[in-house]
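Residues in the sequence shown are numbered consecutively from 1, following full-length UniProt numbering.
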Amino acid sequence: LNEMKHKDLVSCVGWTTADELYSCSDDHQLLKWNPVTGEAARLLKLPEDVYPLDLHWFPRAIGGKKQSQAESFVLTSSDGKFHLISKLGRVEKSVEAHGGAVLAGRWNYEGTALVTVGEDGQVKIWSKSGMLRSTLAQQGTPVYSVSWAPDSDKVLYTSGKQLIIKPLQPNAKVLQWKAHDGLILKTDWNSVNDLILSAGEDCRYKVWDSFGRVLFNSQPHEYPITSIAWALDGELFAVGSFNTLRLCDKTGWSYALEKPSTGSVFAISWSIDGTQLAGACGNGQVIFAHVLEQRWEWKNWEITLIKRRTMKVHNVINDAVDLLEFRDRVIKASLNYGYLVVSTSLQCYVFSTKNWNTPLIFDLKEGTVSLILQAERHFLLVDGGGLYLYSYEGRLISSPKYPGMRTDILNAKTVSLSNDTLAVKDKADEKVIYIFEALSGKPLGDGKPLTHKTEIVEIALDQKGLTSERKIAFIDKNRDLFITSVKRFGKEQKIVKIGTMVQSLAWNDTSNILCGIQDSRFTVWYYPNTVYVDKDLLPKTLYEKDASEFGRSAQLVSFVGSRLTVRRADGSLLHRRLSPYPAILHGHAGASRWGDGLRLCRFVKDQTLWACLAAMAVANKDMTTAEIAYAAIGEIDKVQYINSIKDLPSKESRLAHMLLFSGNTQEAETLLLQSGLVYQAIQVNINLYNWERALDLAVKHRTHVDTVLAYRQKFLEDFGKKETNQRFLQYAEGLEVDWNKIKAKIEMEIAKERERAAASPAVRT
C-alpha cells in the first residue's frame, strides 16, 4: 500500500475470514484490515512496554460445529506473557508464561490446547482457558518457533540448529535432528500432507517429511529466511526474507519470486481459502499477495487464471481464446472428462468444453471448497462440512459420511472417485479405506471398510469396466503397491502386492491401465487384473523402462489417453506417449470382440500384448482365445490344461476347472458341490493333494471313501512312506483296495455327468 498504517516494524499477522486481517506491530497497535479497500482500523493499543511477537487465531472448526469465522486469538509478547484477545479487541486474559519473551504461540487443530515457547528455552502446554497443563521441554537455548502435528499429539520446536519432534505422551520416543547450519527461525507443519518446513539464518529453507528426512533443500539466499508458511491445503507454501517473497510448490521448487521493498518479511499468514497471503514487514508495511496464473490442462484445452475472477480458455488446436468472468474470486478448479468445474467463495460453476458460454451455476453450502475430484459421470466437492457428490447437471447425488470424518485434511492422494465408487483413506486409522457407493452414499458391500496391515499413503480407483470388477490400487508406508477388488461380500478379498518402491501412481482415464514410478524404473501394468487370473503371467503383461530422465521424486500428474504427464522434482513437466495398442485391446475385450483382439495381436506381434489377451480371455471364460494366446507366448502346459478343460462333459465342470486355473480352489469346490458333482469335488482335492479335505467330503457325502484311501495309499507307496494320519488309519481298517472296482465307479460317475449334461440342453448351449 502507498501509505503505512503502522509506525514501526510489523511482527505478526493473521486472517479471520478471507476478507479480514489483523496485524500487530512494535508501535503497540493492533489493526484490523480490509484488503479490498486497503483500509485499516485501530482496535487496541497495547501498553508501551509490551511488544507483540506472535499472533494465532483460535481454530474455526470445533467439535464438528463450524463457526463462520474465528472469534478470538492468542498474542504472545516480549514481557513473558501471552494474551487471549477477542475479535473486538478486548483482552480477555493475560497469563505469565515464560521468563523473557514468549517467542511463539499456537493453538492445536481442535482448539483444546495452546503451546507456547520462549527465550527461557521452555515449551509449555496450556488449556483453552489459559491454565498451565504441562511443561513439555526445557533447554538452554531460546525456542524460536513451534508447530503442532496434524493429529495434535506431537509438537515440533526449534533448538538452535536442531529440530525436535516431541510427543505429548510421557516416555514416548523423541525425534531430533540437525536441520540447518545456522539458527532455525521458523517452522511449519501441514495437517493435509504431513510435511514440515524450516527456515534458518543459513539463508536456506527446507522441506522434511514427518520422520525427519529431507525432501528439498533450497539454494542459499542472500539474506536469512525470516518466515515460512504452508497454505491450508498443503499444495503451496510461501517464503519470506529481506525484500523477498517467494511462492513454492509443496515439493520445494519455486513458482514465483517477488522483490517488494518491505524490509524483512517477519511473518506470513495464508487466508483460509488459500487464494491470498499477508506478510508482516520490517518497514511497517503489511503486504498483500494473491496467487494467480494457476494452469489446468486436458487434451487440447489450456486454462489459466489470469485475474482473481477471470479465467482464460485456450484451445491449442485452433488458437481460439475465451474469457470466463466470475462474480467472486476463484478458489479451486478442476478440468477433466470434458468439463471444467470452478468453485468461487459462494458458488460452483460447471462448464462443458463444448460450450463455454452457458455454465451451470449452483450455490455452495459451506463456501471454502478444499478439493474437487472428477469422474466421467459426476464430481466430488470437499469442504469443511463434508463430502458432496454432484452430477454435471448440478444435482446433488449423495453426501457420504463415516465415523470421525475430518474433511479438512483430505487431498487428491487420500480420496479417489470413479463412476460408481468413492474411496476415502481414514486419518484416525491410516490402515483403513472407507469405500462408498457413489449414487447412494452408503458403504459398499457388507459395509466394512477395507483394512490393510500397514499405514496407507496413497489410493486410486480404476475408472473403467463393470462395477463388480472395480479395483483399487494403493501405496503403503513401505512404498509397496497393492491392488484389490472393491466389491467384497463376506469373504475376505485378496490384497495382492504388485510393485515395490513405488513413488507415484495413476490410472488411465479410458481403460484400466495402471502406471507408476518404481525407484529408478517407470512401469506400466497393462492389465493389473492378471493377478486374479494367472499370477505367473503378470511379469509378461508389464512394460518397464528406465526412469532416470524423470529424476528423483518425480510425480505422475495425469494419464489421459496414451499421453502421460510427469512433473519432475524441479517443477518441469515431461510428456510421454505410450503404445495405444493395449488400450485398443481393452476395448475389444470389454465388448467381447475376441476375433478383433486376435487380429490386433497378430498385427502388432508383441509378447506383452499376447499375454494381456490371454489373461483377458481367461477372465472372461473364453477358452478358445486363451488357448491361442497362451500358445503364442509359449505357455504349452497351460495350453494342454485348457484343452483338457474343453473335453469335460458338463458346463459346471468346465467352469470349476477355469476357477482352478486361476487358483480359486475354494470357489471351484463350492461350485461342484452346489451342482451335485460330489465325486468331481473329491477328485479335485485329490489332484491338489488336499487329502484331509477329500476325506472330509467323502465321509460327509458317504461316497468314494475307498477311492480317496486308494489314491492316498498309492501316493504314499510312490514315495516309500507309511501312513501316520490317525483318520486315514481308522477308515482304512479292514478295507481292501480294489482298483478295478474303483475304476468302474469313476467311469460310472463320468457317464452320469454326461447324461446330466445331455438332459439339460439349455445349459449345454
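All C-beta atoms in this analysis are idealised placements derived from N, C-alpha and C, irrespective of residue type, glycine included. Note that this is a predicted model, so its numbers are computed, not measured.
Give the single residue among the options whose Cα lies nearest to the Cα of residue i.
i: THR703; options: LEU716, GLY720, ASN690, GLN683; result: GLN683
i: ASN478; options: ASP446, LYS431, LEU257; result: LYS431
i: GLN169; options: SER191, ARG133, SER94; result: ARG133
i: residue 801; options: ARG308, LEU514, SER520, LYS545; result: Because the chain here runs from 1 to 765, residue 801 falls outside it and cannot be looked at.
i: LEU381; options: LEU360, VAL342, PRO539; result: VAL342
i: LYS545; options: ASN512, SER579, ALA569, THR414; result: SER579
i: LEU389; options: ASP420, ILE361, MET405; result: ASP420
i: LEU450; options: LYS425, THR467, GLU458; result: LYS425
i: ALA506; options: TYR392, GLU110, ARG599, ALA460; result: ALA460
i: ARG327; options: ASP319, ARG712, THR310, VAL321; result: THR310
i: ALA758; options: TYR581, VAL286, PRO649, ARG712; result: PRO649
i: GLN139; options: ARG395, LYS124, GLU749; result: LYS124
i: LEU185; options: LEU195, CYS203, LEU175, TRP177; result: CYS203
i: ASP194; options: LEU156, PRO150, THR608, HIS180; result: PRO150
i: PRO528; options: THR670, ALA18, GLY551, THR608; result: THR608
i: GLU376; options: LEU197, THR275, ASP363, ASN508; result: ASN508
i: ALA428; options: THR407, VAL265, LEU444; result: THR407
i: LEU346; options: GLU723, ALA18, PHE242, ASP49; result: ALA18
i: GLY587; options: LYS464, ARG60, THR624; result: LYS464
i: PHE362; options: THR344, HIS378, VAL639, GLU201; result: THR344
i: LYS494; options: PHE237, LYS471, HIS221; result: LYS471
i: TYR157; options: ASN171, ALA97, GLY130, GLY212; result: GLY212
Tell me the rounded alpha-carbon separation between residue i and residue j.
i: VAL117; j: PHE73; result: 16 Å
i: SER127; j: LEU136; result: 13 Å
i: residue 768; j: ILE397; result: Residue 768 lies beyond the stretch modelled for the chain, which goes from 1 to 765, so this question has no answer here.
i: GLY595; j: ALA656; result: 25 Å
i: CYS12; j: TYR255; result: 25 Å
i: ILE62; j: SER152; result: Because ILE62 sits at a pLDDT of 45, beneath the cut-off of 50, its placement in the model cannot be relied upon, and the point is left open.
i: SER504; j: GLN555; result: 6 Å
i: TRP15; j: TRP230; result: 14 Å
i: CYS348; j: TRP57; result: 28 Å
i: SER94; j: SER86; result: 12 Å
i: SER191; j: LEU31; result: 29 Å
i: GLY234; j: GLY282; result: 27 Å
i: ALA320; j: LYS178; result: 53 Å
i: THR368; j: ALA333; result: 12 Å
i: ARG756; j: LEU659; result: 21 Å
i: GLN294; j: THR665; result: 53 Å
i: GLY263; j: HIS290; result: 19 Å
i: HIS314; j: ARG42; result: 46 Å
i: ALA547; j: LEU410; result: 29 Å
i: ILE287; j: SER352; result: 38 Å
i: VAL10; j: LEU175; result: 33 Å
i: PHE719; j: VAL705; result: 22 Å
For residue i, which residues in the same chain have their Cβ closer than 6 Å to its Cβ, ignoring the five residues on either side in sequence?
i: HIS6; result: SER25, ASP27, GLY284
i: ASP519; result: MET501
i: ALA267; result: CYS12, VAL13, SER227, ALA280
i: MET616; result: ALA589
i: VAL91; result: HIS83, ILE85
i: MET748; result: none
i: VAL763; result: Unreliable placement is indicated for VAL763, whose pLDDT of 44 sits below 50; the coordinate value is still reported in the next sentence. So the qualifying residues of the chain are LYS651.
Going along the chain, which residues of its own chain have a beta-carbon closer than 7 Å to the beta-carbon of residue i, five neighbours each way excluded?
i: PRO400; result: LEU387, LEU422, PHE436, GLY441
i: VAL214; result: LYS206, TRP208
i: ASN336; result: TRP298, GLN374
i: ALA694; result: ILE682, ASN685, ILE686, VAL708
i: LEU305; result: LEU292, GLU293, GLN294, MET311, VAL330
Could you round the C-beta distance between residue i and residue j to whole angstroms and report it? I think they count as a contact, below 8 Å.
i: residue 778; j: GLY99; result: The structure shown has nothing for residue 778, since the chain only spans 1 to 765.
i: LEU672; j: GLU753; result: 10 Å between Cβ atoms; not a contact.
i: ASP249; j: GLY38; result: Contact doesn't hold; Cβ gap of about 29 Å is too wide.
i: TYR630; j: ILE642; result: 7 Å
i: LYS259; j: THR244; result: 6 Å
Which same chain residues end up closer than 8 Å to residue i when comparing Cβ atoms and leaving out the 5 residues on each side of it in sequence?
i: LYS65; result: Here LYS65 scores only 45 on pLDDT, less than 50, and its place in the model should not be relied on; the value that follows carries that caveat. Once the five neighbours on either side are set aside, LYS65 has no close Cβ partner at all.
i: ALA583; result: ASN508, THR510, SER511, ILE513, GLY561, SER562
i: SER592; result: ASN620, ASP622
i: CYS601; result: LEU585, LEU609, TRP610, LEU613, ALA629, ALA632
i: ASP383; result: LEU364, LYS365, GLU366, GLY367, THR368, VAL369, SER370, THR407
Complete beta strand (DSSP E) runs within the segment 268 to 353 (minimum length 3 residues, chain order): Runs of the beta strand (DSSP E) inside the segment 268 to 353: 276 to 281, 286 to 290, 295 to 298, 301 to 307, 310 to 315, 320 to 325, 330 to 336, 339 to 344, 347 to 352.
Ranges of the beta strand (DSSP E) found wholly within the UniProt repeat "WD" (177 to 209), counting only runs of at least 3: Qualifying beta strand (DSSP E) stretches, in chain order: 184 to 189, 196 to 200, 205 to 208.
Within the segment 49 to 99, ranges of the beta strand (DSSP E) (whole runs, at least 3 residues): Whole beta strand (DSSP E) segments, 3+ residues: 52 to 57, 72 to 77, 81 to 86, 91 to 96.
Length-filtered (4 minimum) alpha helix (DSSP H) runs lying within the segment 447 to 521: Scanning the segment 447 to 521 from its first residue to its last, no whole alpha helix (DSSP H) run of 4-plus residues comes out.
Every unbroken alpha helix (DSSP H) inside the UniProt domain "IFT80/172/WDR35 TPR" (609 to 755) [4 residues or more]: You should have 623 to 632, 636 to 646, 651 to 661, 665 to 674, 678 to 687, 691 to 701, 705 to 718, 726 to 732.
Complete runs of the beta strand (DSSP E) confined to the segment 381 to 431 [at least 3 residues]: Those beta strand (DSSP E) runs which fall completely within the segment 381 to 431 and span 3+ residues are 386 to 391, 396 to 398, 415 to 417, 421 to 425.
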